[in-house]
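**Q** Chains as they are written, first to last, in our numbering: chain A, 16 to 339; chain B, 16 to 339; chain C, 16 to 339; chain D, 654 to 750; chain E, 654 to 750; chain F, 654 to 750.
Heads up, the beta-carbon is just placed ideally off N, CA and C, and yes, glycines get one too.
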Ligand SMILES: Nc1ncnc2c1ncn2[C@@H]1O[C@H](COP(=O)(O)O)[C@@H](O)[C@H]1O
Ligand SMILES: Nc1ncnc2c1ncn2[C@@H]1O[C@H](COP(=O)(O)O)[C@@H](O)[C@H]1O
Ligand SMILES: Nc1ncnc2c1ncn2[C@@H]1O[C@H](COP(=O)(O)O)[C@@H](O)[C@H]1O
Ligand code: NA
Ligand code: NA
Ligand code: NA
């Protein structure tokens, strides 16, 4: 059962475009998506997922169940980096451990968006509030990871403390992705079923096609990172595959305990199992300049992201279908 | 009645995205739409409004009424800068007065596009020739404003006169926005109901969604300008709010006199009440280099544009519903 | 009959936007499509044509007829540059002759895409494998043209031979356009009628509208090249018009012989009659740095491309309707 | 290698064509331009990436024969007085090919 | 023309604001910035055009009075020690307008 | 601060990789690149922003130890002879960190 889900996922258009992108880079093709187009597509996907989620939330109304899932989401964004940090510290210095912990405690919006497409293709329902869960999980781990790194290393870096934390909170919680996600969610919620039909031809219908093009670009970028993986060593490479499985499985079990739906559980697993490569690296570069981007970026973008998009998502869902 | 229209408008998706953009800048978020994406979206909106207008014109055919409204439009684009100039001269030097007069005599395509969306949401009809009215109103005030500034200030600026006016006319009348608007209008007119259905899935259906994303970007930009408003002083700030109301109201009254439809009257008010922040500033920087962009840009983009998008449009329409 | 087809084509929206772009440049307008937007639109068109072609191939299955047309396509991409080279050598040096031969042996994806739109508008059917034909015809002429130029000129250019050919093959066969075309075709083929409906609102419906905007940009660029045509001289200008007619007519006749369908024949003519202005120039600049881009670029983009888009396509089709 | 002067100019985008025409008229062998460079100067900060494109600088440099610099300085100074911006002159060597 | 020092700095985008603040605090008359410049240095190659934007350099230059250079070097050195990048100082002349 | 030579090269984009390889092979400590710079030179004007991307220059600079310049000039000259473009050398100081 699980295997067929994985095989099926590998033959879905978005995943195939991701693989096409990776292959193009490996073959040495000059295929290239202009950076501003990539950023435009990414903006579109966040906008689309946000406003659609808000509209669905307006349809369904608030329930107690959704509060518990939001609570679990936030908690996991705090616990995952703590426990990751202590494991990573066995092999790495405090700065690198803190940076990678922050990366894996946060989320990858593109993985989430791909999972949403996967669920829609399999006609599995999920709540619009999962978009809120994603937005809430983006930032806490940044603060946790930087805090842990700072506590266990004695050096200052010449920058005044107050200024550091002020800017860190700003980068974490007012990050563009968080703002557009929460903003669109709210606008979708407010405009509800009056607003949605009029934006659907733009925000809804083209979603999967845009995702294909965007994953093409992600494939190009991920393959470039794969080249940098040599420096990561076997421990980190293992971490890049095992961490998403462990975190994803843990999320599925907890989701079962709190009585979440199958769709919500899959998305929670995807959020816990994915790692950030935009928000966190940006914040971490500033707050932990001694952490090597040559470690956390290739690991997240070159290992965990491809794993989740191709195998992780159907795996978590297979686990869910077993348990539900 | 008026108040409920304004409140309703404030809760429409495009306006909410505009407010989201302003809020993001104020909160210090790094949310950002790449410049080329913003220019692409703006091109799309002009293309869409142009070709749709042309198609509608092909449907309705030409009438005498539409000629009188086009005449009023052009006239107002000449008179508004003249009378604005004399008022502004009470407080400002000739260069700044000329620049601001040109700005307010011209139009804001985004405000127009937002008003079109407002009318469509309220199911109010309007003529496709209003796009032509907009295109015709873009340029004359540039020439008028520069002429007035030159006449009342004695300085030369070292540039040969002929060259100056040649380039000014080119910037005014062959401005990219004018060309794409009139060109698309013409193409819509020529291809008519054979052409429209085949481009509608691109040029029509996604319109409102694109407008949302574009107004997000406009909100980000407008909020940045608000920070520069301190230098404008109370007189100019007042002008930025009063001018659109006065010009919009005047336009409504004249539209009533010439027997225009409710939709056309609203759009004429929006055109007269709005101020340019692309075509005019570009031309004015060249022709009146001594005018301070720190005045005309924040005023138009930071005061009048947000006012019109949030309050002005429903206000003009409320006035129209009172009188029609 | 032929003339009415040409007139009709000149009044189709995409061609009108192309003419609008040319007119805008000639009038001196500052209308401008940001480069990354243009590249994004071009990526979209290749993606759309590829995945649509793949889907149609999945529908129709493979036939012997389609293999013969693919064979003819590849052959023509080898023969056209050889015979063009010997003609061009009468007037030009080996480098320029090789470069122009390579240009005309390869294809113009935008011309193909415009022809696809023309056929769809006229409700003429064609095979999805024609996209594969296009991809197969992109590269061979590059190798042929460079080889001929090298053989008939004795100079080395200081670069090691092995490295030159390695990079040339890479630029020719792993060119971004080839990869995205073949990749999307394959993905369309694999996902078939399960995949197509879900991407159609993005990859299918907006196609013609996007083509309009893209041809606007092509018109702006082509008109800029027209200004550079003075350096080409009457022989080359004649070549730029006669070559597409000869190659296109030849293709129609051969297509008739091998029993291709009317739609396929028209597209084959368009492929043989069109000239490259992206892939080939890039490769040629590297491999034949002494060839003047001031010749091959204006000729292909300023003469042959406008000719094909406005007159060539309906002409080839008119010929087909006569013979079929 | 021959001695040349490198002229570097930052100027409002709207005046770019005037700068390059001055250079062309002076007969320099070429110039290179970088569009949309943000910056800060006497007239405040300019972000350069606004939709309006109105607050955009561009940067132009030209390696020119030292004897041509003289004749370029005055017209450039006049232009910059009107439009703002800066102009730097550096002595360097050009690799002739 | 008056003698000035041209300071050129390549630094991680994430530290740009710190560089411009140093310049502003030192009272230079202005600076110009070029965003997203790829490059290669001690910390490897940086492509600058990635979606993540994390590997992006920017280039800043400022023409400043020679007497202000002194006070700028030390803080710039401290910043670059932390963040990587380079800083060059060239003597040139500024066309005053 | 230590004395360095700043090498500035404008070259056809298609030859960029050859330039950076020359620099790398010479063992310079790094380089910085600005893509798509329009310009004008012996082979006419190049707009740099065309869809075809064929008429695009790029600008590369490298601060390198003065003793390495010597060995770089000749291969750069050979390359530029083939491909067009320019190369300037300026003496400046590098802030060591
Ligand atoms: N001292 C300086 N160093 C480098 N760039 C400058 C300097 N002064 C001005 N600029 C540039 O020139 C532009 C216009 O300067 P200004 O006219 O003084 O506002 C600024 O936005 C900067 O990009
Ligand atoms: N010698 C150099 N010449 C020019 N640019 C350099 C040099 N060294 C470093 N850079 C630039 O500074 C960035 C960061 O350098 P690094 O911190 O050494 O990795 C590089 O990516 C280059 O863009
Ligand atoms: N004297 C110069 N100063 C600055 N840039 C130049 C100069 N000459 C040539 N260039 C640049 O080098 C490119 C190619 O030059 P060329 O091979 O002479 O056409 C031009 O497009 C310019 O960007
Ligand atoms: Na996670
Ligand atoms: Na107005
Ligand atoms: Na051909």
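For the stretch 16 to 30 of chain C, which residues have a beta carbon sitting closer than 8 Å to at least one beta carbon of chain B?
**A** Against chain B - using a Cβ distance shorter than 8 Å - the residues of the stretch 16 to 30 of chain C are 26, 27 and 28.
**Q** Note down the Cα distance separating residue 34 of chain C from residue 318 of chain C, rounded to an integer number of angstroms.
**A** Counting from 1 along the third chain, the entry for residue 34 of chain C is found at position 19. Counting from 1 along the third chain, the entry for residue 318 of chain C is found at position 303. One C-alpha to the other measures close to 13 Å.
**Q** What residues from the stretch 219 to 253 of chain B come within 7 Å of chain A, judged by C-beta to C-beta, listed N to C?
**A** Residues 220, 221, 223, 224, 225, 227 and 228.
**Q** Using beta-carbon positions only, say whether residue 216 of chain C and residue 220 of chain A come within less than 8 Å of one another.
**A** The residue given as residue 216 of chain C occupies position 201 in the third chain. The residue given as residue 220 of chain A occupies position 205 in the first chain. Against a cut-off of 8 Å, the Cβ pair of residue 220 of chain A and residue 216 of chain C comes out as a contact.
**Q** Cα separation between residue 145 of chain C and residue 83 of chain C?
**A** Taking the third chain and counting its residues from 1, the one referred to as residue 145 of chain C is at position 130. Taking the third chain and counting its residues from 1, the one referred to as residue 83 of chain C is at position 68. If I take the Cα positions, the gap works out to 12 Å.
**Q** Say yes only if the C-beta of residue 121 of chain B is nearer than 7 Å to one or more non-hydrogen atoms of ligand 5, and no if none qualify.
**A** Working through the second chain from its first residue, we reach residue 121 of chain B at position 106. Yes; taking the cut-off as 7 Å, the Cβ of residue 121 of chain B has a heavy atom of ligand 5 nearer than that.
**Q** If the criterion is Cβ atoms closer than 8 Å, does the pair residue 738 of chain F and residue 664 of chain F meet it?
**A** Within the sixth chain, the letter at position 85 stands for residue 738 of chain F. Within the sixth chain, the letter at position 11 stands for residue 664 of chain F. It is a contact, given that the beta carbons lie within the stated cut-off.
**Q** Any idea what DSSP makes of residue 670 of chain D, helix, strand or coil?
**A** Walking along the fourth chain from the start, residue 670 of chain D turns up at place 17. In the structure shown, residue 670 of chain D sits in a helix (DSSP, three-state: H, G or I).
**Q** Does the beta-carbon of residue 160 of chain C, which I'm using as the reference point, lie nearer than 7 Å to any heavy atom of ligand 6?
**A** In the third chain, residue 160 of chain C corresponds to position 145, counting from 1. Not so, every heavy atom of ligand 6 lies at least 7 Å from the Cβ.
**Q** For a test of the three-state rule: what should DSSP assign to residue 684 of chain D, helix, strand or coil?
**A** The residue you call residue 684 of chain D lines up with position 31 of the fourth chain. Reduced to three states, the DSSP call for residue 684 of chain D is strand.
**Q** Rounded to the nearest angstrom, what separates residue 206 of chain A and residue 696 of chain E at their Cα positions?
**A** Locating residue 206 of chain A in the first chain gives position 191, counting from the first residue. Locating residue 696 of chain E in the fifth chain gives position 43, counting from the first residue. Roughly 49 Å separates the two Cα atoms.
**Q** For residue 290 of chain C versus residue 167 of chain C, is the C-beta distance shorter than 8 Å?
**A** Along the third chain, read from residue 1 onward, the residue named residue 290 of chain C stands at position 275. Along the third chain, read from residue 1 onward, the residue named residue 167 of chain C stands at position 152. It is not a contact, given that the beta carbons lie outside the stated cut-off.
**Q** Check whether the Cβ atoms of residue 134 of chain A and residue 281 of chain A sit closer than 8 Å, and answer yes or no.
**A** Counting from 1 along the first chain, the entry for residue 134 of chain A is found at position 119. Counting from 1 along the first chain, the entry for residue 281 of chain A is found at position 266. The answer is yes: Cβ separation under 8 Å.
**Q** Mind checking residue 138 of chain B: buried by the 16 CB within 10 Å criterion, or exposed?
**A** On the second chain, position 123 is the one that residue 138 of chain B refers to. When all chains shown are included, residue 138 of chain B counts as exposed.
**Q** Using C-beta distances below 6 Å, list every residue in its chain close to residue 292 of chain B, excluding the 5 sequence neighbours before and after it, in chain order.
**A** Start at 1 with the first residue of the second chain, and residue 292 of chain B comes out as number 277. For residue 292 of chain B, where only same-chain residues beyond five positions count, the Cβ hits under 6 Å are 315 and 316.
**Q** Please list, in chain order, the residues of the stretch 31 to 51 of chain B that have any C-beta partner in chain A closer than 7 Å.
**A** Here the close residues are 31, 32, 35, 39, 42, 43, 44, 45, 46, 47, 48, 49 and 51.
**Q** Could you name the residues of chain F that residue 55 of chain C contacts, counting a contact when the two beta carbons are closer than 7 Å?
**A** Numbered from 1 along the third chain, position 40 holds the residue referred to as residue 55 of chain C. Within chain F, no residue comes near residue 55 of chain C; the closest Cβ sits about 11 Å away, beyond 7 Å.
**Q** Strictly by DSSP, which residues pair up with residue 110 of chain C?
**A** Your numbering for residue 110 of chain C matches position 95 in the third chain. Its beta-bridge partners do not exist; DSSP assigns none.
**Q** With distance defined between alpha-carbon atoms, name the residue in B:114, B:305, B:75 and B:297 nearest to residue 734 of chain D.
**A** The residue labelled residue 734 of chain D in the question sits at position 81 within the fourth chain. It is B:305.
**Q** Can you give the beta carbon distance from residue 250 of chain A to residue 163 of chain A, rounded, assuming they're within the 8 Å contact cut?
**A** As a first step, residue 250 of chain A is located in the first chain; it is residue number 235 there, counting from the start. As a first step, residue 163 of chain A is located in the first chain; it is residue number 148 there, counting from the start. Actually they do not touch by this definition, with Cβ atoms about 19 Å apart.
**Q** Using only CA atoms, which one of A:18, A:229, A:30 and A:85 lies nearest to residue 286 of chain A?
**A** Taking the first chain and counting its residues from 1, the one referred to as residue 286 of chain A is at position 271. Here the closest residue by C-alpha is A:85.
**Q** So, helix, strand or coil for residue 693 of chain F, using DSSP?
**A** To locate residue 693 of chain F, count along the sixth chain from 1; it is residue 40. In this structure, residue 693 of chain F counts as strand in the three-state DSSP scheme.
**Q** Using 8 Å as the Cβ pair cut-off and three pairs as the minimum, do the stretch 34 to 44 of chain C and the stretch 260 to 275 of chain C touch?
**A** Verdict: no, contact absent.
**Q** What does the alpha-carbon distance come out to for the pair residue 214 of chain A and residue 299 of chain C?
**A** Locating residue 214 of chain A in the first chain gives position 199, counting from the first residue. Locating residue 299 of chain C in the third chain gives position 284, counting from the first residue. Roughly 46 Å between the two C-alpha positions.
**Q** Per DSSP, residue 745 of chain D is paired with what?
**A** Indexing the fourth chain from 1 puts residue 745 of chain D at position 92. Answer is D:657.
**Q** Just to check, is the beta-carbon of residue 95 of chain C closer than 7 Å to a non-hydrogen atom of ligand 6?
**A** On the third chain, residue 95 of chain C is found 80 positions in, with the first residue counted as 1. Flag set: Cβ of residue 95 of chain C near ligand 6.
**Q** Strictly by DSSP, which residues pair up with residue 662 of chain E?
**A** Along the fifth chain, one-based indexing puts residue 662 of chain E at 9. E:713 and E:740.
**Q** Start and end of the alpha helix (DSSP H) containing residue 211 of chain A?
**A** The residue given as residue 211 of chain A occupies position 196 in the first chain. 191 to 218 is the extent of the alpha helix (DSSP H) around residue 211 of chain A.
**Q** According to DSSP, what are the bridge partners of residue 182 of chain C?
**A** In the third chain, residue 182 of chain C corresponds to position 167, counting from 1. Partner(s): none; residue 182 of chain C has no beta bridge.
**Q** With a cut-off of 8 Å, does the C-beta of residue 191 of chain C fall near any C-beta of chain A?
**A** One-based indexing of the third chain puts residue 191 of chain C at position 176. For residue 191 of chain C, the answer is yes, since a Cβ of chain A falls inside 8 Å of its Cβ.
**Q** Does the structure place the stretch 48 to 60 of chain B close enough to the stretch 254 to 261 of chain B that three or more beta carbon pairs sit under 8 Å?
**A** The answer is no - the stretch 48 to 60 of chain B does not touch the stretch 254 to 261 of chain B, with fewer than three Cβ pairs under 8 Å.
**Q** Going by other Cβ atoms of all chains shown within 10 Å of its Cβ, with 16 needed for buried, is residue 656 of chain D buried or exposed?
**A** Residue numbering aside, residue 656 of chain D sits at position 3 when the fourth chain is read from its first letter. Answer is exposed; the Cβ neighbour count stays below 16.
**Q** Note down, in chain order, all residues in the stretch 717 to 749 of chain E with a beta-carbon under 7 Å from any beta-carbon belonging to chain F.
**A** Within the stretch 717 to 749 of chain E, the residues whose Cβ lies closer than 7 Å to some Cβ of chain F are 726, 729, 730, 733, 734, 739, 740, 741, 742 and 743, listed in chain order.
**Q** Nearest CA to the CA of residue 680 of chain D: which residue from D:727, D:748, D:715 and D:731?
**A** Translated into the one-based positions of the fourth chain, residue 680 of chain D becomes position 27. The shortest Cα separation from residue 680 of chain D among D:727, D:748, D:715 and D:731 belongs to D:715.
**Q** Measuring from the CB of residue 287 of chain C, is there a heavy atom of ligand 6 at a distance below 7 Å?
**A** Residue mapping note: residue 287 of chain C aligns to position 272 of the third chain, counting from 1. Checking the Cβ of residue 287 of chain C against ligand 6 gives yes.
**Q** Short of 8 Å Cβ to Cβ, which residues in the stretch 677 to 700 of chain E face chain D?
**A** Within the stretch 677 to 700 of chain E, the qualifying residues are 677, 682, 683, 684, 685, 686, 687 and 688.
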